[in-house]
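Step one of this worksheet: look at the structure below.
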Amino acid sequence: MNDLEIEKEIIEKGLTAPRVTKEYIESLVVKEQYHVFDGSTFTSCLLTLKNGFTVHGESACVSPENFDAELGAKAARDNAVNKIWMLEGYLLREKLSFKV
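The sequence shown maps to residues 477 to 576 in the working numbering.
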């Protein structure tokens with residue numbers, strides 16, 4: 477299931493409790509930097525968030541013959557974004573725990 481399908485199902489089921497959304501995560505990113513290390517298939521992505529915090533993601537291709545810089549950047553960015561989900565999920569849970 478992709479993000480759009482999951483979002484549609486959440487809305488259809490009326491799940492309205494506070495949550496972290498893809499749109500919210502993307503709104504936090506203000507800068508993206510990428511680097512492929514010379515002679516490697518290792519791609520690094522550094523995302524800078526609105527508050528100045530940085531999150532790093534990485535990807536690597538096993539076979540150099542299959543390396544594609546664009547795909548490497550997408551995979552590295554996805555890796556970094558997944559880390560933001562964890563951070564924001566924790567932050568929201570922390571906020572909600574004080575409302576109980």
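Positions of the beta carbon are idealized from the N, C-alpha and C atoms, including for glycine.
Proximity below 8 Å, CB of residue i to CB of residue j
i       : j       : result
Thr-519 : Ala-549 : yes
Leu-525 : Leu-504 : yes
Ala-545 : Val-506 : no
Leu-523 : Thr-517 : no
Ile-501 : Glu-564 : yes
Tyr-510 : Ala-536 : no
Glu-488 : Lys-498 : no
Proximity test, residue i beta-carbon vs the ligand SAM heavy atom, cut-off 7 Å
i       : result
Tyr-500 : By its list of ligands, the structure shown contains no ligand whatsoever, and the ligand SAM lies outside what it can speak to.
Proximity to residue i [Cα-Cα], best of the options
i       : options                               : result
His-532 : Trp-561, Tyr-500 and Leu-567          : Trp-561
Gly-528 : Arg-553, Tyr-500, Glu-508 and Lys-489 : Glu-508
Asn-478 : Tyr-566, Leu-567, Lys-575 and Asp-554 : Asp-554
Ignoring anything shorter than 3 residues, give me the beta strand (DSSP E) runs that lie fully in the region 491-537, in order along the chain. 505-512, 518-525 and 530-536
Given 8 Å as the limit, is there contact between the region 560-571 and the region 540-548, that is, 3 or more CB pairs closer than that? At 8 Å Cβ cutoff, the stretches do not touch.
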